[in-house]
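Under the working numbering, think of the first position of the sequence shown as 1, with each following residue one higher.
Written out below as structure tokens is the structure these notes cover.
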Amino acid sequence: MSDNNTIDVDVVIVGAGFAGMYQLVQMRRAGLSAVVLETADDVGGTWYWNRYPGARCDILTVDYSYSWDPELEKDWIWSERYATQPEILRYAQFVADKHDLRRDIRFNTKVTSAQWNNDAKRWRIHTDSGDDVTAQFYVMATGCLSMPKVPDIEGTDRFKGEVYFTNSWPHDGVDFSGKRVAVIGTGSSGIQSIPLIASQADQLTVFQRTPNFSVPAHNGPIADERLVAYRQDPAAYREEARHSGIGVPTTPADVSALEVSPQEREATYEEVWRRGELAHLLEPYNDLRISAESNDTIRCFIHNKIREIVKDPDVADLLCPTNHYFATKRPCLDSGYYATYNLPQVRLVDLQKQAIETITESGINIVDSAISAKEKTESIDFDAIVFATGFDAMTGAIVGVDITGRNDESLRDAWAHGPQTYLGLMTVGFPNLFMITGPGSPSVLSNMMVSIEQHVDLITDTIKHLRTSGIDTIEPTELAQRRWVQHSNEIADLTLLPTANSWYMGANVPGKPQVFLPYPGGVGEYRKICDEMVVQGYLGFTLTGANGTQNNDGVIRPLKPDVQEMLSIMAEMALPPLETMGVEGARAFMAASGANMPPGPEVGEIIDGTLPGADGTSLDYRLYRPATAGPHPMVVYYHGGGWVVGSATSDDPLCRYLCVESESIIISVNYRHAPEARFPAAADDGLAAANWISDHAEELGGRPGQLAVAGWSAGANIAAVTTQQAKLAGTPTISGQVLLNPVTDVSTVRQSYIDNAEGYVLTTPLMSWFCDQYCNPADRLNPKVSPLLADTLSGLPPALVITCEFDPLRDEGDAYAEALAAAGVQVQHLQCPGQIHTAIPAVDAMVTSEYARAAMADALRKFSSAAVGH
Ligand code: N01
């Protein structure tokens, strides 16, 4: 204690729930002085406040237990599968007693504000007791669902009867016998409490704004099979949980819900319904989180269950969630919830049809939503109103404290448009402030106990590292934080999660920015990311100490999530490099793997034909015609494949996409391949094909004078060369060029050949092999293979040049775009961060590159309309 009202410690921890308690243990173990500040008069956090009837865990309590004290595994035996709130609170108290935690916890102490002192490199925390704490490290262990949502119903203060909030329930309980009770809200708290309140009350009216999915808990003794796995080797069991998806040992499925018969699916859903575990509900199929069609199968299954249980079909209908997919809002676990609506004293008011107009002194007035909002239709009197209306989740408790960081910036302002964090752990501008299970970490999408322990261990190891390395402060970099937020959102966007108005999105609190709050990539993957961050020297953090500043700026997951997933699958397949397969082997392999790609959209018509190449060889083409009335603008498309592999049909999905989205005829033309026909055969065929198509525009259904070229990789090389050759020859007239990952300089020496040499499908050795197959060293300076080396690029048609960050060809594509622009050519240059060479043609498979495909189609439309104008 430095003066009467201030204590100085190494670490201040806010909150004495499971997170704060374990953080205190770890700080003591590390030999650091720590104090915990807690508003309540005892430990327990969530389990201290949420004492409503029926409050229980919705993760098996055997999983929802600390793993850091192996003795606890023996000392504490849960009485049920899902322990009740009093039992979980007793567990927290038992741990506090066993480890004598209370001596370092200041109860009845609410933190009001906190300021970072940049000179002292310490935090000063103010409390409502008047005491201040200063500390080098400040840990917010305030929980994700601890700040009650402010009631947003007109007249809430007017009611003269009893008012209860599920999230701050009276300690002595409530007796609803003989009373007329209203419950507002049908989230987990409402769904757990409603059956018990109904069993006491004279009348119960439930006000439901959104029906929720709920599954029966089938509570009782813990299933033997689960206990066997756990008791055999508790440490291994816990370790499996740490590397799982949601922090509970489960076996991920590898089959889609749509790949099995309806009978098999039904039987599987019956089985998971019977098991009564949320963790297993999304487990049976691998696409319930990402495919609307698959999710519909489980949605319908639960609807049918509700209709089986609830006798009144109209009420059953109201209870069936139809405006969101299963698990896009947090699903609930219940004990007799749906059957409660069969009781004569229970009434369900659907707030989609009838709105709460106001709460009055004696009850609630509801109006029919279909009539004028002011027209009162019914007034219901109550003795008690229970608000089960939820929380300002994930951010509420953190910004509820007035936190001021470096540069006097307030955290509230910094997060005005949604929380900005690196790994959900720290935030820029707030040195040495850690959040346990903060926004941007798996947190509420996981077994909280597993996520809490991982964060506490990480924070502890970090503080120990700083101490032993003479480092005073740690803070994320802007880049690391921005890209983490983006990465987390990109994963969410691959799922159905952001489609619901959920508290995961902040949608339940009026005015709250709507962004997806937790990290949806799973606890195992998240743990791996955090471990890699540490191994890479605290990548994404700036560390400052007496010896200066280490700026470890960087991005921990630079690849787009779907690209990364695809690369992991390919890595598991351990395929031999393409260049080792021989020419015929490579061609056969590419043809076979192309057949497994999603087919792309339907087009109006496909015609296969032939046209003469430069030496008269017959070249295949495939014409894709839009379904709309023609004639259409035309695009000559050149496929990728390093001048060695591929065909007129090998980029079929992309050609279909471009046809539909740009409303153009796409003619994918083959060209002679190397090594049988070496340079300049492919280049000459490219020009010959463009001329032939231009000459036959009308008979092909195209509009004469509206001819663009497009290509991917070596095909983009041919497209670029064709525009140059056409300009020199004066024919054909080309309205624009779309160059996707173009080869523009076959010297293969640029930095991107070093940066992206291996691991991103197109490798530097493969590219060298392609070049060797196609041309001699002496040819490589020829602009017909290295269009970047042309004497001049001026006068070429407008271009869209797309390059990908993790592509050996990146730098030569970038250089071509810059050279075109320097030569006065109209260029749109799209650099795609986190993408690889093969991502953009993968229509319907690689979602994060959709914008680049859309840009290609958009450019083609613009080229043709400019050509019309011309
Ligand atoms: O809160 P909620 P909760 N007028 O936000 C409705 C965890 N938890 O306390 O969906 C009318 O889920 C609101 O309607 P809508 C668990 O993670 C765990 O129940 O926004 N209605 C919704 O129906 C859970 O998800 C356990 O349209 C209004 C309800 O109130 C999280 O805590 C137990 C309204 C709020 O549901 C939150 O659960 C309990 C208004 N003005 C909680 N405002 C376990 O089992 C809101 N609503 C471990």
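We put the beta carbon where it would ideally sit given N, CA and C, even for glycine.
Cβ-heavy atom distance, A393 to the ligand N01, below 8 Å: As a working note, residue 393 is residue 393 in the sequence shown. Within the cutoff, so yes.
Continuous beta strand (DSSP E) stretch holding R124: start and end: Sequence index remark: in the sequence shown, residue 124 carries index 124 (1-based). Start and end: R122 to T127.
Contacting residues, own chain, Cβ-Cβ under 8 Å from P510 (five flanking each side not counted): Translated into the one-based positions of the sequence shown, residue 510 becomes position 510. So the qualifying residues of the chain are D152.
heavy atom of the ligand N01 below 8 Å from I306 C-beta: Residue numbering aside, residue 306 sits at position 306 when the sequence shown is read from its first letter. Because no heavy atom of the ligand N01 lies under 8 Å away, the Cβ of I306 does not count as near it: no.
Span separating the alpha-carbon of A507 from that of P442: As a first step, residue 507 must be located in the sequence shown, where it is residue number 507. As a first step, residue 442 must be located in the sequence shown, where it is residue number 442. So the alpha carbons of these two residues sit roughly 19 Å apart.
Outcome for Y671 when other beta-carbon atoms lying within 10 angstroms are tallied against a minimum of 16: The residue given as residue 671 occupies position 671 in the sequence shown. The residue is buried, with at least 16 neighbouring Cβ atoms inside 10 Å.
For R678, the nearest candidate out of G813, A778 and I693 (CA to CA): Stepping through the sequence shown from its first residue, residue 678 is reached at position 678. Per the Cα distances, A778.
Bridge partner(s) assigned by DSSP for W712: Your numbering for residue 712 matches position 712 in the sequence shown. In DSSP, W712 forms a bridge with L740.
Where the alpha helix (DSSP H) through T462 begins and ends: Residue 462 sits at position 462 when you count from the first residue of the sequence shown. Counting along the chain, the alpha helix (DSSP H) containing T462 begins and ends at M448 to T468.
Distance between beta carbons of H639 and D651, contact taken as under 8 Å: Here the question's residue 651 lines up with position 651 in the sequence shown. Here the question's residue 639 lines up with position 639 in the sequence shown. Contact holds; Cβ gap of about 5 Å.
Per-residue DSSP class, three states only, for E357: Here residue 357 refers to the residue found at position 357 of the sequence shown. In this structure, E357 counts as strand in the three-state DSSP scheme.
Where E579 falls: helix, strand or coil (DSSP): Here residue 579 is taken as the residue at index 579 of the sequence shown, counted from 1. Helix.
The beta strand (DSSP E) enclosing R299, as first and last residue numbers: By one-based count along the sequence shown, residue 299 stands at place 299. Taken as a continuous stretch (DSSP letters only), R299 belongs to no beta strand (DSSP E), being part of the alpha helix (DSSP H) at A292 to I309.
Under 9 Å between C-beta atoms of S747 and G705: Here residue 747 refers to the residue found at position 747 when the sequence shown is read from its first residue. Here residue 705 refers to the residue found at position 705 when the sequence shown is read from its first residue. Their beta carbons are not under 9 Å apart, which means S747 does not touch G705 by this criterion.
Sequence-distant residues of its chain with Cβ nearer than 7 Å to N5 (five each side left out): Counting from one through the sequence shown, the residue named residue 5 turns up at place 5. Correct list, in chain order: G130, D131 and D132.
Residue environment, T549, which counts as buried when at least 16 other CB atoms sit within 10 Å: Walking along the sequence shown from the start, residue 549 turns up at place 549. Burial call: exposed.
Proximity winner among A614, S864 and V636, relative to R622 (alpha-carbon distances): By one-based count along the sequence shown, residue 622 stands at place 622. The shortest C-alpha separation from R622 is found at V636.
Rounded distance between the beta-carbons of Y774 and A643, thought under 8 Å: Locating residue 643 in the sequence shown gives position 643, counting from the first residue. Locating residue 774 in the sequence shown gives position 774, counting from the first residue. With the sequence shown as reference, residue 643 is identified as Trp, and Ala is not the correct amino acid for it. Confirmed, about 4 Å.
Cβ shell of T792 (< 8 Å), same chain only, five flanking positions each side left out: Translated into the one-based positions of the sequence shown, residue 792 becomes position 792. A823, listed in sequence order.
T205 beta carbon near the ligand N01 (any heavy atom closer than 8 Å): For the purposes of this step, residue 205 is taken as residue 205 along the sequence shown, with counting starting at 1. Not one heavy atom of the ligand N01 lies closer than 8 Å to the C-beta of T205.
Whole-angstrom distance between S502 and A414, CA atom to CA atom: The count along the sequence shown starts at 1 and reaches residue 414 at position 414. The count along the sequence shown starts at 1 and reaches residue 502 at position 502. Those two C-alpha atoms are separated by around 23 Å.
Sequence-distant residues of the same chain with beta carbon closer than 7 Å to R122, five excluded per side: Your numbering for residue 122 matches position 122 in the sequence shown. The residues are T134, A135 and Q136.
Own chain partners of P787 with C-beta closer than 6 Å, once the 5 adjacent residues on each side are dropped: Residue numbering aside, residue 787 sits at position 787 when the sequence shown is read from its first letter. The answer, listed in chain order, is A720, V721, Q724 and T744.
Buried or exposed (CB count within 10 angstroms, at least 16 for buried), L728: Taking the first residue of the sequence shown as position 1, residue 728 is located at position 728. Its Cβ having fewer than 16 others within 10 Å, L728 is exposed.
Start-end ranges of the beta strand (DSSP E) lying completely within the stretch 73-128, minimum 3 residues: 111-117 and 122-127
Residue burial classification, G869 (beta-carbon count within 10 angstroms, cutoff 16): Position 869 of the sequence shown holds residue 869. Residue placement at G869 is poorly supported in this model, since its pLDDT is 49, which falls under 50; the coordinates still yield a value, given next. Burial call: exposed.
Cβ-heavy atom distance, S58 to the ligand N01, below 8 Å: Working through the sequence shown from its first residue, we reach residue 58 at position 58. Reading off the sequence shown, one finds Asp at residue 58, where the question assumed Ser. D58 Cβ: within cutoff of the ligand N01.
Chain-order list of residues whose beta-carbon lies under 6 Å from that of M1 (same chain, five-residue window excluded): Mapped onto the sequence shown, residue 1 falls at position 1. The predicted model places M1 with a pLDDT of 48, which falls under 50 and marks its position as unreliable; any figure quoted below should be read in that light. These residues qualify, in order along the chain: I7.
Simplified DSSP state of H870, which is helix, strand or coil: Walking along the sequence shown from the start, residue 870 turns up at place 870. With a pLDDT of 44 at H870, under the threshold of 50, the predicted position of this residue should be treated as unreliable, and no value is reported.
Bounding residues of the beta strand (DSSP E) (the contiguous stretch that carries T134): Working through the sequence shown from its first residue, we reach residue 134 at position 134. Per DSSP, T134 belongs to the beta strand (DSSP E) from D132 to M140.
Residue(s) in a DSSP beta bridge with D233: On the sequence shown, residue 233 is found 233 positions in, with the first residue counted as 1. BP columns for D233 are empty, so no partner.
Inter-residue spacing [alpha-carbon to alpha-carbon] between I154 and N365: Locating residue 154 in the sequence shown gives position 154, counting from the first residue. Locating residue 365 in the sequence shown gives position 365, counting from the first residue. The sequence given here has Glu at residue 154, not Ile. If I take the Cα positions, the gap works out to 10 Å.
Cut-off 6 Å between Cβ atoms - residues of its own chain near T838, not counting five sequence neighbours on either side: Position 838 of the sequence shown, counted from the start, is the residue given in the question as residue 838. Excluding sequence neighbours, T838 sits near V761.
Presumed contact (8 Å Cβ cut-off) between A141 and I436, rounded CB distance: Locating residue 141 in the sequence shown gives position 141, where the first residue counts as 1. Locating residue 436 in the sequence shown gives position 436, where the first residue counts as 1. A141 to I436, Cβ: 5 Å. Contact.
Spatial distance of A492 from P520 (CA atoms): Position 492 of the sequence shown, counted from the first residue, corresponds to residue 492. Position 520 of the sequence shown, counted from the first residue, corresponds to residue 520. Whole-angstrom Cα-Cα distance: 6 Å.
Neighbourhood of F18 by C-beta, 6 Å cutoff - its chain only, sequence neighbours within 5 removed: For the purposes of this step, residue 18 is identified with residue 18 of the sequence shown, where counting begins at 1. The residues are I452.
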